[in-house]
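Beneath this line is the structure, given in C-alpha cells, with notes to follow.
2 protein chains.
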Amino acid sequence: GAVDKGVDFANYFCTYGFLYHQKDMLCDRIRMDAYYNAVFENQHHFKGKAVLDVGTGSGILAIWSAQAGARKVYAVEATKMAEHARELIKANKLQDVIEVIEGSMEDVTLPEKVDVIISEWMGYFLLRESMLDSVLCARDRWLKPNGVMYPSHARMWMAPLRSGLVDQKMGDYKRAIEDWYGFVNETKTYYGVDMGVLTNPYTAEQQKFYLQTSMWNNLHPNQIIGEHVIVKEIDCLTATIDDIRIVEASISSSITQEIARLSGFGGWFDVHFRGSDKNPAKKEIELTTAPSEDSGTHWGQQVFLLHPSSNVKRGDKLMFQFSMSRSRENHRLMEVDLSCEIKQKSGESLPPFKKKFYIE
Amino acid sequence: GAVDKGVDFANYFCTYGFLYHQKDMLCDRIRMDAYYNAVFENQHHFKGKAVLDVGTGSGILAIWSAQAGARKVYAVEATKMAEHARELIKANKLQDVIEVIEGSMEDVTLPEKVDVIISEWMGYFLLRESMLDSVLCARDRWLKPNGVMYPSHARMWMAPLRSGLVDQKMGDYKRAIEDWYGFVNETKTYYGVDMGVLTNPYTAEQQKFYLQTSMWNNLHPNQIIGEHVIVKEIDCLTATIDDIRIVEASISSSITQEIARLSGFGGWFDVHFRGSDKNPAKKEIELTTAPSEDSGTHWGQQVFLLHPSSNVKRGDKLMFQFSMSRSRENHRLMEVDLSCEIKQKSGESLPPFKKKFYIE
Ligand SMILES: Nc1ncnc2c1ncn2[C@@H]1O[C@H](CSCC[C@H](N)C(=O)O)[C@@H](O)[C@H]1O
Ligand SMILES: Nc1ncnc2c1ncn2[C@@H]1O[C@H](CSCC[C@H](N)C(=O)O)[C@@H](O)[C@H]1O
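Residue numbers (the numbering used here), protein chains in the order written: chain A, 1 to 360; chain B, 1001 to 1360.
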C-alpha cells in the first residue's frame, strides 16, 4: 500500500531528530571505523568527485567525504537533524563543499548526478527500517553510470543458537497468562462481567509479544551452536526494491557443538566497501555485526526463539525455509516465516515445524 | 493547527488497540470501583435511557450502562478494540442493547440524541491526551438538553513536594553531559571531526529530557510538604474546548511541614459523578488520583522537579503562576510554564524563578 508520509514520520523518522540517537550511532566504534577507513583508505573514489550522502543525520559521512577531497557533497536528511548537520559542517569549515538539503531523499532534486553514493542505511537484521529503498531510489535517479556505492555489498546471516532467553521469555509469557486468568475471575466477581471470551485474543497478543517478536541481543560466539549461513546477498549497485521486498531462502546448517539445546536462531548482517568492478576499492573494508567476544555494534543480533527448545547433536542438520516480508501496517517492520526440519545424524527426522516471527 | 488523523492514530490511538493496555485500565480497582458505583448507585439515570460511551475500549462502561437498565447504548471506539468489545458484549448477551460503532467520535453519526454520556477520558494530570475534546464535541452534538455527563465534574490539583528524584535526575543529567564531553574528545581524536558546536543543542535536549519532563510517580502523602490547591475546575456539562485549551491559574500554597526541601510540585486530578442540577445523582461518587498510602491508581501523579531544590519552613508561602498549553507538534501532549515566588514566613522573599516543563 501507499505510505502516508506524516504517519511514516511519526513512526520512523521522529527518533532520528534527537541528538542522543545520532550520538548512539556515532559512538559505535566498529561502525565508525568501518566507514572512516572505507573513505580514507579509498580517497581516489572521493578526490574531486561529487558525492551524495543519503540520510546524513549529524553529517558525519558527508564531512569525511569532503575531508577525503570531494568537490561537492550533497547531504540529504529528512529530519530537523539537518539543521544540526549544517552547524557542524560550518564549524568544521566545510560549508563550501557540503550542501545540506532537508527533505526526503525521494522528493529531493540535485543539480547534478554524483560519482559516489554513501549511506548508512542498515537496520536491525539489515533490512528493518526499509531505508535501503531510499538508497536504491537515489541510485537510480542520481548515480552516474560508472558511479560507486558505499557500501557496495550487504549480506544477511543466520545461525542456530542456545540462549537462556528461551526459558525467560516462556516464563514471562506464562506469568502473563496466569495473571489474565486471575483478572478474568476478579472482573466476574467484583464487576459482573465475564471477560473469558477475550482469553484467546489476549493469549495471541501475549504470544506475539513474548514468543514471536525477535529480540535485540548481544550474542557471545559460544552461543552459536552450528554453522552460520548466508540468507541473502545484495549488490547495492544492481539490486532493485523488488529484490529486497521479500527475502526468501532455503538454508541448511549443521550443528557443530557436541551436544546442545537449540533455542532458536540468531540473525545479523555484514556490509562491504569494495567499490565497483570498473572502479574497485584500493582497500576493501568490512563492517560485520556478527557475534563477537568484544562489545559488538549497536545493532547486536536479532534472536528468534523456538519454543520448546530441542536437544541437538553434532552433525544434526537443520533445513529451513526462510521468508521475510514487510508488515502490512508498517512497511519498515518485518514478518518472518520459518519452517524448519531437523535431520538427525542418526538418520531420523524430527517432526517439521513452522513459526511466524515479527521484527518490530 | 489541523490534526492529521493518520499521524494522530500512529502517535496516540495505537496503544489502545492492545488488550494488555485495556487490561491495565481494567485492573485499576479504584478507577473501576468509581465508575461501577457511579453507574449502579445511580441506576435512575440509566433505566430505559439512551447512553453514549465515548471511547468504549473493551466495552466495560457500555456493558455496565446496559446492565443498569439502559434501553440503548452507543459504544464508540476508534481502534480495532471495537471488535473485541463487540465479542465481549455478545458473550455477555447484551448485543441487543449495545451497538458498537468503530470510528472516531468526531466522525460518527448516531440515530438519536442520548440521555447520558459516559466516558473515561482522563489522561495524566487530567488533560494529557486531550481526549476531553472528543467528549465535549460529542456532548454538543448528541446530548439531549437535560442530559447528564458521567463524570460531571473534574479538577486539577497541585501541591509542593519533596522527592529524591530531584537528585537522581540531576545525577543522570550530569552523567549524560560528562559523557558528551568524552564523546566530543574521542570524535576529534579518532575521526578528525569537532562536535563541540553541538554541545549547546545536546545540553538543551538532555535538560529537557532529564530536568524538564514531568514524571509519572506514585507519591506517598508524606512527600507532600504544603497545602494542595486547585488549579482548574471543569464542569463537563458546560465547559468548552476553548476553556481547556489553555489552563492558567494564580495559585498560592503554604508549607505545612516544619522544615522541608522543596523539590518540586506534584499534579493530580479528581473527577466527580454528581449528575446535573436538574437530574442529580442519588449518590455522588468521587474518583481521586491524589497521593495515597495505598497503591493508588494507574494515573499516579505527575511530578515537576525544581533544580536546585530549596529549603522551606512551615508558613512559607509559595505563589505561582501556572500555564499549561498543548504542544505545537502534538496536541495531545502538554507544555507547562511555571513562575514561582517564595515568601518566607520571616518576611523575606526568595528570588522568583520561571521554569518550563513538558508533559510527554
Ligand atoms: N528517505 C530518507 N530521506 C532523507 N533522510 C532519510 C531517509 N531515510 C532515512 N533518513 C535519515 O537517515 C539517517 C540514518 S542514520 C545514519 C546517520 C548518519 N549518516 C551516520 O552515519 O551517522 C537518519 O538520520 C534518518 O532520518
Ligand atoms: N475521539 C475518539 N473516538 C473514538 N474513540 C476514542 C476517541 N478518543 C479516544 N478513544 C478511545 O477511548 C478509549 C479511552 S480508554 C477507556 C476505555 C474504556 N472506556 C474503559 O473505561 O476501560 C481508548 O480505547 C481510545 O482508543
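Don't be surprised by glycine CBs; every beta carbon is placed ideally from N, CA and C.
Quiz prompt | Within the region 1119-1172 of chain B, ranges of the alpha helix (DSSP H) (whole runs, at least 4 residues) | solution = As far as the region 1119-1172 of chain B is concerned, its whole alpha helix (DSSP H) runs of at least 4 residues are 1132-1142.
Quiz prompt | Any 3 or more C-beta pairs closer than 8 Å across the region 1159-1175 of chain B and the region 1299-1319 of chain B | solution = Yes, since at least three Cβ pairs between the region 1159-1175 of chain B and the region 1299-1319 of chain B fall closer than 8 Å, the two stretches touch.
Quiz prompt | Contact shell at 7 Å, judged by CB to any heavy atom of ligand 2, ordered along the chain | solution = Those residues are B/1013, B/1016, B/1022, B/1025, B/1026, B/1035, B/1053, B/1054, B/1055, B/1056, B/1057, B/1058, B/1060, B/1061, B/1076, B/1077, B/1078, B/1079, B/1081, B/1103, B/1104, B/1105, B/1106, B/1119, B/1120, B/1121, B/1131 and B/1134, given in chain order.
Practice problem: Consult DSSP for residue 106 of chain A and reduce its assignment to one of helix, strand or coil. | Solution: Translated into the one-based positions of the first sequence, residue 106 of chain A becomes position 106. If DSSP states are grouped into helix, strand and coil, residue 106 of chain A belongs with the helices.
Exercise. Under 8 Å by Cβ, that's how I've got residue 201 of chain A and residue 1084 of chain B pegged, so tell me the actual separation to the nearest angstrom.
Key: Position 201 of the first sequence, counted from the start, is the residue given in the question as residue 201 of chain A. Position 84 of the second sequence, counted from the start, is the residue given in the question as residue 1084 of chain B. Residue 201 of chain A to residue 1084 of chain B, Cβ: 6 Å. Contact.
Exercise. Please check if any C-beta of chain A sits within less than 7 Å of the C-beta of residue 1063 of chain B.
Key: Mapped onto the second sequence, residue 1063 of chain B falls at position 63. With 7 Å as the cut-off, residue 1063 of chain B counts as an interface residue toward chain A.
Quiz item: Which full runs of the beta strand (DSSP E) of 3+ residues lie inside the region 31-107 of chain A, going along the chain?
Solution: Counting whole runs of 3 or more residues, the region 31-107 of chain A contains the beta strand (DSSP E) stretches 50-54, 72-77 and 98-102.
Quiz item: Closest Cβ-Cβ distance between residue 6 of chain A and chain B: below 7 Å?
Solution: As a working mapping, residue 6 of chain A is identified with position 6 in the first sequence. Cβ-Cβ to chain B under 7 Å: yes for residue 6 of chain A.
Quiz item: Are the beta-carbon atoms belonging to residue 261 of chain A and residue 162 of chain A less than 7 Å from one another?
Solution: What you label residue 261 of chain A is simply residue 261 of the first sequence in a count that begins at 1. What you label residue 162 of chain A is simply residue 162 of the first sequence in a count that begins at 1. Inclusion of residue 261 of chain A and residue 162 of chain A in the CB contact set at 7 Å is warranted, their separation being smaller than that value.
Quiz item: Do residue 226 of chain A and residue 255 of chain A have their C-beta atoms closer together than 7 Å?
Solution: Translated into positions along the first sequence, residue 226 of chain A becomes position 226. Translated into positions along the first sequence, residue 255 of chain A becomes position 255. Closer than 7 Å, so yes.
Quiz item: How about residue 36 of chain A and residue 81 of chain A: are their beta carbons less than 7 Å apart?
Solution: Here residue 36 of chain A is taken as the residue at index 36 of the first sequence, counted from 1. Here residue 81 of chain A is taken as the residue at index 81 of the first sequence, counted from 1. Going by C-beta atoms, residue 36 of chain A is not nearer than 7 Å to residue 81 of chain A.
Self-check item: Identity of the residue in A/74, A/91 and A/128 nearest residue 330 of chain A by Cα
Solution: As a working mapping, residue 330 of chain A is identified with position 330 in the first sequence. Nearest in C-alpha terms to residue 330 of chain A, of all of A/74, A/91 and A/128, is A/128.
Quiz item: Cβ of residue 1185 of chain B less than 7 Å from any chain A Cβ?
Solution: In the second sequence, counting from the first residue as 1, residue 1185 of chain B sits at position 185. Interface annotation, residue 1185 of chain B: not in contact with chain A, CB-CB separation never under 7 Å.
Exercise. Reducing DSSP to helix, strand and coil, say where residue 182 of chain A ends up.
Key: Walking along the first sequence from the start, residue 182 of chain A turns up at place 182. Helix at residue 182 of chain A.
Quiz item: Taking the DSSP output, what are the residues bridged to residue 1226 of chain B?
Solution: In the second sequence, counting from the first residue as 1, residue 1226 of chain B sits at position 226. Listed as beta-bridge partners of residue 1226 of chain B by DSSP are B/1255.
Quiz item: Taking the alpha-carbon positions, what's the residue 334 of chain A to residue 1320 of chain B distance?
Solution: If you number the first sequence from 1, residue 334 of chain A lands on position 334. If you number the second sequence from 1, residue 1320 of chain B lands on position 320. C-alpha separation (whole angstroms): 50 Å.
Quiz item: Which two residues bound the contiguous alpha helix (DSSP H) that contains residue 25 of chain A?
Solution: Within the first sequence, the letter at position 25 stands for residue 25 of chain A. Looking at the DSSP string, the run of the alpha helix (DSSP H) that includes residue 25 of chain A is 19-26.
Exercise. Report the neighbours of residue 1053 of chain B on chain A: residues whose CB is nearer than 7 Å to its CB, in chain order.
Key: On the second sequence, position 53 is the one that residue 1053 of chain B refers to. Per Cβ cutoff of 7 Å: no residues; residue 1053 of chain B is ~14 Å from chain A at best.
Quiz prompt | Any C-beta of chain B under 7 Å from that of residue 91 of chain A | solution = Locating residue 91 of chain A in the first sequence gives position 91, counting from the first residue. Yes, residue 91 of chain A counts as interfacial toward chain B.
Quiz item: Hey, would you say residue 51 of chain A sits closer than 7 Å to residue 116 of chain A, going by beta carbons?
Solution: Within the first sequence, the letter at position 51 stands for residue 51 of chain A. Within the first sequence, the letter at position 116 stands for residue 116 of chain A. Note that the C-beta distance between residue 51 of chain A and residue 116 of chain A is below 7 Å.
Quiz prompt | N- and C-terminal bounds of the alpha helix (DSSP H) containing residue 244 of chain A | solution = Taking the first residue of the first sequence as 1, we reach residue 244 of chain A at position 244. The continuous alpha helix (DSSP H) containing residue 244 of chain A extends over residues 241-245.
Quiz item: With distances taken between CB atoms, is the gap from residue 1152 of chain B to residue 1135 of chain B smaller than 7 Å?
Solution: The sequence position of residue 1152 of chain B within the second sequence is 152, counting from 1. The sequence position of residue 1135 of chain B within the second sequence is 135, counting from 1. No, Cβ-Cβ distance for residue 1152 of chain B and residue 1135 of chain B is not below 7 Å.
Quiz item: Would you say residue 265 of chain A and residue 209 of chain A are within 7 Å of each other, going by their C-beta atoms?
Solution: Here residue 265 of chain A corresponds to residue number 265 of the first sequence, with the count starting at 1. Here residue 209 of chain A corresponds to residue number 209 of the first sequence, with the count starting at 1. The answer is no: Cβ separation not under 7 Å.
Quiz item: How many angstroms separate the CA atom of residue 213 of chain A from the CA atom of residue 358 of chain A?
Solution: Walking along the first sequence from the start, residue 213 of chain A turns up at place 213. Walking along the first sequence from the start, residue 358 of chain A turns up at place 358. Roughly 5 Å between the two C-alpha positions.
Self-check item: Partner residues on chain B for residue 75 of chain A, Cβ-Cβ distance less than 9 Å
Solution: Locating residue 75 of chain A in the first sequence gives position 75, where the first residue counts as 1. Listed along chain B is no residue with a C-beta nearer than 9 Å to that of residue 75 of chain A; the closest approach is about 14 Å.
Practice problem: Taking all protein chains shown into account, decide if residue 1316 of chain B is buried (16 or more other Cβ within 10 angstroms of its Cβ) or exposed. | Solution: Reading the second sequence from its first residue, position 316 is the one you call residue 1316 of chain B. That one is buried.
Quiz item: In three-state DSSP terms, what is residue 14 of chain A?
Solution: Taking the first sequence and counting its residues from 1, one reaches residue 14 of chain A at position 14. Three-state result, residue 14 of chain A: helix.
Practice problem: Step through the CB atoms of chain B and report whether any lies within less than 7 Å of the CB of residue 150 of chain A. | Solution: Mapped onto the first sequence, residue 150 of chain A falls at position 150. No, because no Cβ of chain B sits closer than 7 Å to the Cβ of residue 150 of chain A.
Self-check item: Where residue 196 of chain A falls: helix, strand or coil (DSSP)
Solution: Counting from 1 along the first sequence, the entry for residue 196 of chain A is found at position 196. Shown here, residue 196 of chain A sits in a helix according to DSSP, grouped into three states.
Quiz item: Between residue 125 of chain A and residue 300 of chain A, which are expected to be in contact by the criterion C-beta below 8 Å, what is the C-beta distance as a whole number of angstroms?
Solution: For the purposes of this step, residue 125 of chain A is taken as residue 125 along the first sequence, with counting starting at 1. For the purposes of this step, residue 300 of chain A is taken as residue 300 along the first sequence, with counting starting at 1. Not a contact, Cβ separation roughly 10 Å.
Quiz prompt | As assigned by DSSP and simplified to three states, the class of residue 352 of chain A | solution = On the first sequence, residue 352 of chain A is found 352 positions in, with the first residue counted as 1. Three-state result, residue 352 of chain A: coil.
Quiz item: Is the beta carbon of residue 1229 of chain B sitting closer than 7 Å to the one on residue 1253 of chain B?
Solution: By one-based count along the second sequence, residue 1229 of chain B stands at place 229. By one-based count along the second sequence, residue 1253 of chain B stands at place 253. A contact, by the Cβ cut-off of 7 Å.
Practice problem: Would you be able to state if there are at least three C-beta pairs under 8 Å between the region 1285-1298 of chain B and the region 1024-1040 of chain B? | Solution: Verdict: yes, contact present.
Quiz prompt | Within-7 Å CB hit, residue 1084 of chain B to chain A | solution = As a position in the second sequence, residue 1084 of chain B is number 84, starting the count at 1. Output row for residue 1084 of chain B: interface = yes.
Quiz prompt | Spatial distance of residue 1223 of chain B from residue 1293 of chain B (CA atoms) | solution = On the second sequence, position 223 is the one that residue 1223 of chain B refers to. On the second sequence, position 293 is the one that residue 1293 of chain B refers to. Looking at the backbone, the Cα of residue 1223 of chain B and that of residue 1293 of chain B are separated by about 11 Å.
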